[in-house]
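Q:
Residue numbers (this note's numbering): 117 to 230.
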C-alpha cells in the first residue's frame, strides 16, 4: 500500500541507510512510499549487504516494520524473494518464528510494492 513516510518511517529508513540521511540534510527530497523495497533495491548492492543493514536495526524497529507489513501499510511485494526471506529470517530471530511465518504468508498473498 502506498503511503507518505512519516517521521518514524524516516527514522527507520535512516538507520538502514545512514547515507540517505546525509543526502536529505543536503536537500534531497525523500519520496519513497515504503521502507524495505528501496533499501533492498536501491541501496544494497547484494543480499549480504541487505542482511548487514537489517542487523543494524534494534528489535523495536524490526517489530515496527513487521507490524506495518501485517497491517498492509508497508508494501513488500516489490522485494525479490531472497530479500523478503532475509527480512523474515531476521524477524524470526528477533520476534519469533510465528511472526516470521505470518510475514511469509503476507508476502505470499501478494500486495503491491507501492
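Virtual Cβ for every residue (Gly too), placed ideally from N, Cα, C. Quick caveat: nothing in here was measured; it's all calculated off a predicted structure.
Can you find the residues in the same chain that come closer than 7 Å, C-beta to C-beta, to residue 207, ignoring five residues on each side of it along the sequence?
A: Cβ neighbours of residue 207 beyond the five flanking positions: 178, 182, 215, 216 and 219.
Q: Would you mind sorting residue 155 into buried or exposed? The rule is 16 or more other CB atoms within 10 Å of its CB.
A: Looking at its Cβ environment, which holds 16 or more other Cβ atoms inside 10 Å, residue 155 is buried.
Q: Which one of 136, 148 and 144 has the shortest CA to CA distance from residue 121?
A: Comparing Cα positions, the closest option is 148.
Q: Is residue 150 near residue 212, with beta carbons less than 8 Å apart?
A: Against a cut-off of 8 Å, the Cβ pair of residue 212 and residue 150 comes out as no contact.
Q: Specify, as a first and last residue, the run of the alpha helix (DSSP H) that residue 178 falls within.
A: It spans 175-186 - the alpha helix (DSSP H) in which residue 178 sits, taken as one unbroken run.
Q: Whose C-alpha, out of 197, 210, 209 and 202, is nearest the C-alpha of residue 225?
A: When each option's Cα is compared against that of residue 225, the closest is 197.
Q: Tell me whether the beta-carbon of residue 167 lies closer than 8 Å to the beta-carbon of residue 200.
A: Taking 8 Å as the Cβ cut-off, residue 167 and residue 200 do not qualify as a contacting pair.
Q: Quick check on the DSSP output: the alpha helix (DSSP H) that includes residue 196 runs from which residue to which?
A: Note, residue 196: premise wrong, no alpha helix (DSSP H); not H, not E.
Q: Quick one, which of 152, 141 and 145 has its alpha-carbon nearest residue 180's?
A: When only C-alpha atoms are compared, the closest one is 152.
Q: From this set, 125, 223 and 204, which residue's C-alpha is nearest residue 171's C-alpha?
A: Of the listed residues, the one whose Cα sits closest to residue 171 is 204.
Q: Name the two residues that bound the continuous alpha helix (DSSP H) containing residue 170.
A: Taken as a continuous stretch (DSSP letters only), the alpha helix (DSSP H) holding residue 170 covers 163-171.
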